[in-house]
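Read through the structure below, which is laid out as C-alpha cells, and then see the notes.
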Amino acid sequence: MVAVHPSRGGGERWEVGLKKSHRGPLKSANFRWLALSSTTSSLGDAFGGFALLFLVLEAGGNAALAGAVVAMVELPGVLLALLGGVWADRFDRMRLMILSDIGRAVCQAVLFILFWTDAATWWHVALFGFLTNTLGCVYAPSVSGVIPQTVADRHLTGANGLLYTGRTAAVAIGTAAGGTVIALFGARTAIALNALSFVLSALFLSAIRLPSSALRVHDAGAAQGVWQDLRAGWSEVRKRSWLLSELLRSAIEMPIVVAPFAIIGPLMAVDTLGGAGSWATISIGFLCGSLCGPFVVRFWKPRRPIWACTALMYLGAVPPLLLALTTSVPLITLAEGVKGAAVGFFGTIWASLLQREISDAVRSRVNAWDYTLTSGLMPFGYLLAGLMVNQFGRQPILLLGVVWNILAVTMVLALPGVRRFRVDWNGPASAEPPASALGDKTEEVTR
C-alpha cells in the first residue's frame, strides 16, 4: 500500500502492488519495472554517449568542433526541459515515457542505418543526437513524478538510491565496454545497442500497472496555459531558499567546471594520457564512486542535508586540478572516484528531498526547472570550452574551474537559509513550502 500525502495532490491511498508499507521498494512490481527501464536505457546511453566525442575527433574534428557537436546534442535540455515538465504534470506520464522511448529508438535506428551504409558524417551524429535528446525531455520529469506512485513515502530515499545505483552501474558497465565495442565493432554497434535499449525500456514501462487515478491529468494544471504552469513551478522553487540557492550554484558551476573537464579530458587522453582507454578508466572511476554514494545514504541522512551535501562539493575541484597539473591516470581516477561518491550521495538525498517537499501536482515542473538550471548552460559550456581551449590553452581553463568551484560552494554554505534548513527523515513527507526568501528565515521541516 502506498500512502499519498494529501499535500502531494492525492488525498487517498492507492494500491500499486505493495501489500505492506514496511516492505522495501523492490517489493513493488511497478517499481521493479521502472528500475529496469531506467537502468536499461542508461546502459544504451553510455554506449552512445561514449562514442559521440570520439566520433567527431576520428572524423578530423578539433576541440572547437567537438564542443559544438556536444553543445548541439545537449541543446534540447535548454530549450525543451521546462516544456517537458509541464507535459509530465498535465498528461499521462507513463504514456509520455513510452512514446519518448519509441521515438528515441527510431532516431538511433536511423543513425545506425546511416553508419551501416557508410553515409554518416559528424553532422548526422549531431542531428540525430539532437532529435534523440529532444524526445527525451519528457522522460526524466515523468520518472520523477511516477516514483512516489510506486513506493510508500518512507521508501522514497531507498527507491531513489536504487534507481541512482542502477543507472550509475549501467553507465559504468556501458562506459567500460564502450571503448572495447567501438574498437572491435565500430561506432555503429554502439548506436545499435542504444536503439535496442530504448526498445527494451519501452517494453518494461508497458508492464507497469498504476490505477487510473494515479494517471489522471491534474485539473489545476490543465486549466492553465503553458506560461502559467511554468510560473507555478518557478514559484515553488523560489519559496524554498535551499532549493533556489543550490540550483543557482549548479547553474553557473556546470558550464565553468564540469563542461570544460568533459571536453578537455578526452583531448588530453588522446594527446598525453595514453588514448581513449585512459579516459574510459577515469570515467569509470567516477561511476564506481557514484555507486557508493547511495549506500552511504542508508546509514547517514544528514539533518542539515543541503549544507552537508554542498560541503561535499568541494571535492569537485580536485579532478580538474590534477588534470591540469599531472598526467597520472591512477591519481586522477582516484580523485574522480571520491568525487563520484559525493555526487552519488548528493543525488540520492536531493531526489528524495524534491519528492518529499514538492506537491505531486507540480513536481515534474519543479524537476524540469531543476534540470534546466543545473544542465541548461552546459551546451554553452561545451561550446565555450572548445573555443577557449583553442584560444588560451587547456591548463588555464581547468584552473579557472577549480577556483570557481571553491568560491561557489563557500558562498552557498554561508547562506543562513541553507545552514538552517533541517529535515526529520523519520517523519512523514510534507509538500508545504517554508515562507522565506533566500537566507532570511529559519526553514525547519518537522514531520
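Quick note, this note's numbering runs 131 ahead of the 1-based positions in the sequence shown.
A virtual CB, placed ideally from N, CA and C, is assigned to each residue, including glycine.
Predicted, not measured: the structure shown is a model, and the values here were computed from it.
Rounding to the nearest angstrom, what Cα-Cα distance links residue i and residue j in this structure?
{"i": "Glu488", "j": "Glu367", "result": "10 Å"}
{"i": "Asp176", "j": "Gln239", "result": "11 Å"}
{"i": "Ala160", "j": "Gln280", "result": "12 Å"}
{"i": "Met80", "j": "Ile244", "result": "There is simply no residue 80 to check, as the chain begins at 132 and stops at 578 in what is shown."}
{"i": "Leu398", "j": "Gly524", "result": "12 Å"}
{"i": "Pro451", "j": "Ala442", "result": "18 Å"}
{"i": "Phe335", "j": "Leu324", "result": "16 Å"}
{"i": "Ala516", "j": "Arg494", "result": "33 Å"}
{"i": "Ala283", "j": "Arg551", "result": "27 Å"}
{"i": "Phe417", "j": "Arg371", "result": "30 Å"}
{"i": "Trp535", "j": "Asp249", "result": "44 Å"}
{"i": "Arg362", "j": "Pro207", "result": "20 Å"}
{"i": "Ser269", "j": "Met228", "result": "Looking at the sequence provided, one finds Val at residue 269 rather than Ser. Approximately 7 Å between the Cα atoms of the pair."}
{"i": "Ser273", "j": "Gly548", "result": "29 Å"}
{"i": "Arg235", "j": "Ala545", "result": "43 Å"}
{"i": "Gly305", "j": "Leu331", "result": "16 Å"}
{"i": "Phe222", "j": "Gly408", "result": "43 Å"}
{"i": "Gly478", "j": "Leu315", "result": "34 Å"}
{"i": "Ser328", "j": "Thr171", "result": "6 Å"}
{"i": "Val312", "j": "Val554", "result": "45 Å"}
{"i": "Gly352", "j": "Trp365", "result": "Residue placement at Gly352 is poorly supported in this model, since its pLDDT is 44, which falls under 50; the coordinates still yield a value, given next. Roughly 14 Å between the two C-alpha positions."}
{"i": "Leu196", "j": "Trp247", "result": "24 Å"}
{"i": "Thr296", "j": "Ala290", "result": "10 Å"}
{"i": "Glu384", "j": "Gln526", "result": "17 Å"}
{"i": "Leu211", "j": "Thr265", "result": "7 Å"}
{"i": "Thr288", "j": "Arg163", "result": "15 Å"}
{"i": "Ser376", "j": "Trp438", "result": "11 Å"}
Buried or exposed, going by whether 16 or more other CB atoms sit within 10 Å of the CB of residue i?
{"i": "Val348", "result": "Residue placement at Val348 is flagged as unreliable, the pLDDT there being 47, under the threshold of 50; a coordinate-derived value is accordingly withheld."}
{"i": "Asp232", "result": "buried"}
{"i": "Pro156", "result": "buried"}
{"i": "Ser579", "result": "Absent from the model: residue 579. The displayed extent of the chain is 132 to 578, so no value can be given."}
{"i": "Arg319", "result": "buried"}
{"i": "Trp373", "result": "buried"}
{"i": "Trp358", "result": "exposed"}
{"i": "Pro386", "result": "buried"}
{"i": "Gly471", "result": "buried"}
{"i": "Gln486", "result": "buried"}
{"i": "Leu294", "result": "buried"}
{"i": "Asn521", "result": "exposed"}
{"i": "Ser183", "result": "The displayed chain sequence assigns Leu, not Ser, to residue 183. Buried, because 16 or more other Cβ atoms sit within 10 Å of the Cβ of Leu183."}
{"i": "Leu484", "result": "buried"}
{"i": "Trp254", "result": "exposed"}
{"i": "Asp501", "result": "buried"}
{"i": "Gly116", "result": "Because the chain is modelled from 132 through 578, residue 116 falls outside the range shown and cannot be assessed."}
{"i": "Pro510", "result": "buried"}
Grouping DSSP H, G and I as helix and E and B as strand, with all else coil, what is residue i?
{"i": "Trp373", "result": "helix"}
{"i": "Pro527", "result": "helix"}
{"i": "Ile339", "result": "coil"}
{"i": "Ser172", "result": "helix"}
{"i": "Thr403", "result": "helix"}
{"i": "Thr479", "result": "helix"}
{"i": "Ser159", "result": "coil"}
{"i": "Ser585", "result": "Any question about residue 585 goes unanswered here, given that the chain covers just 132 to 578."}
{"i": "Leu579", "result": "Coverage of the chain is limited to positions 132 through 578, which leaves residue 579 absent and any answer about it impossible."}
{"i": "Leu206", "result": "coil"}
{"i": "Thr457", "result": "coil"}
{"i": "Ile463", "result": "helix"}
{"i": "Leu324", "result": "helix"}
{"i": "Gly492", "result": "Looking at the sequence shown, residue 492 is not Gly but Ala. Correct three-state label for Ala492: coil."}
{"i": "Gly517", "result": "helix"}
{"i": "Gly305", "result": "helix"}
{"i": "Leu508", "result": "coil"}
{"i": "Ala297", "result": "Strictly speaking, residue 297 in this sequence is Gly, with Ala absent from that position. Looking at Gly297 - three-state DSSP - the assignment turns out to be helix."}
{"i": "Gly396", "result": "helix"}
{"i": "Gly364", "result": "helix"}
{"i": "Gly416", "result": "helix"}
{"i": "Gly468", "result": "helix"}
Can a CB atom of chain B be found closer than 9 Å to the CB of residue i?
{"i": "Tyr295", "result": "Absent here is chain B; the protein component of the structure consists of one chain."}
Could you tell me which whole alpha helix (DSSP H) segments of length 4 or greater appear in the region 220-283?
224-247, 253-266, 270-277
Please give me, in chain order, every unbroken run of the alpha helix (DSSP H) with length at least 4 that falls completely inside the region 421-446.
436-443
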